[in-house]
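Asks: Mind having a look at this structure? Questions to follow.
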Amino acid sequence: GAVVSQHPSRVICKSGTSVKIECRSLDFQATTMFWYRQFPKQSLMLMATSNEGSKATYEQGVEKDKFLINHASLTLSTLTVTSAHPEDSSFYICSASGTRSGTDTQYFGPGTRLTVL
Amino acid sequence: KNQVEQSPQSLIILEGKNCTLQCNYTVSPFSNLRWYKQDTGRGPVSLTIMTFSENTKSNGRYTATLDADTKQSSLHITASQLSDSASYICVAANNAGNMLTFGGGTRLMVKP
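Chains as they are written, first to last, in this note's numbering: chain P, 203 to 319; chain C, 19 to 130.
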């Protein structure tokens, strides 16, 4: 299957700082990327959908000014958690779909564990 | 409202035994049904994807079934191994297949 990577795999930051998470599709062009958040023992919750070159579409309840998403190229999307607070601590997972995988398959990244102190 | 419900929430079985996980979905318009395995602290990995016209699909020791009439799916794991311990997530896709509705997952623990 297609390969999606995330960096970093885990990050610890102080409250009030900003953290950037990268999501890359390594062997296909991802026209659409998705960002999910997963709290312990819960399933994935979609935060936003981004199409290359356009603004992201955020799910209800997700603050677009707090979770900045950039999808500037067909292989890279970034999620920036601004002014992070302890309640933002979570497992963030991206997925990508595109020309290799077709329009009906999402390939998931390995996730990024964010801990805000 | 699109919904996916899974049962049981958690399951403990002995190594070598079989088990079946259940999934009921209400997603419209329905595109496909997917099962993912998620190890702790990792991203989900696809096991099977089935469209409404497919009744069953296998991937090694994993066999998924789909009944599009009753909107039910199951994932059968044969001869379980310790490495099968993980969360198994049922996901229904609608529209072009890119809008996913996730179930709450079944946490499986395989004990020696």
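Glycine included, C-beta positions come from ideal geometry on N, C-alpha and C. Computed from a predicted structure; not experimentally measured.
1. What do you get for Phe-236(P), buried or exposed, if any count of 16 or more other CB atoms within 10 angstroms of its CB means buried?
2. Using the three-state DSSP reduction, which class does Asp-229(P) fall into: helix, strand or coil?
3. Strictly below 7 Å CB to CB, what residues from chain C border Pro-312(P)?
4. Under 8 Å, Cβ to Cβ, is there at least one residue of chain P near Leu-118(C)?
5. Closest by CA to Leu-39(C), which one among Tyr-80(C), Glu-33(C), Leu-118(C)?
6. Roughly how many angstroms separate the alpha carbons of Gly-255(P) and Val-205(P), rounded to a whole number?
7. Residue range of the beta strand (DSSP E) that His-273(P) falls in?
8. What does the alpha-carbon distance come out to for the pair Thr-305(P) and Ala-232(P)?
9. Could you confirm whether any beta carbon from chain P is found closer than 8 Å to the beta carbon of Ile-30(C)?
Replies: Reading off the structure:
1. buried
2. coil
3. Arg-60, Gly-61
4. yes
5. Tyr-80(C)
6. 21 Å
7. 269–275
8. With a pLDDT of 47 at Thr-305(P), under the threshold of 50, the modelled position of that residue is not reliable, and no figure is offered here.
9. no
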